[in-house]
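>
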Amino acid sequence: MPQLLRIKSVLAKTGLSRSTMYVLIADGRFPAPVKLSARCSAWPSDAVDAWIASRIAG
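Per my numbering, residue -8 is the first one in the sequence shown, and the count goes up by one each step.
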């Protein structure tokens, strides 16, 4: 089962800014978050890792 990452962890892992990450999500170029509650979102670590791997692969 993948770990869920909060936004600070995702930003640190990817090197993206918060605004850039949300632009990429809106464009469908970054995994969408999973809503844990009304004010809490997280990203599955395997989805973030796959996105990073796709950037490395070109």
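Where a beta carbon is used, it is the ideal one built from N, C-alpha and C, also for glycine. Note that the structure is predicted; figures quoted are calculated from it, not measured.
1) Tell me whether the beta-carbon of Ser36 lies closer than 7 Å to the beta-carbon of Gln(-6).
2) Rounding to the nearest angstrom, what Cα-Cα distance links Val25 and Ala38 in this structure?
3) Taking Cβ positions, are Arg9 and Ala33 nearer each other than 7 Å?
4) Which residues in the same chain as Leu27 place their Cβ atom closer than 7 Å to its Cβ, once the five residues preceding and following it in sequence are excluded?
Walking through what the data contain:
1) yes
2) 11 Å
3) no
4) Ala33
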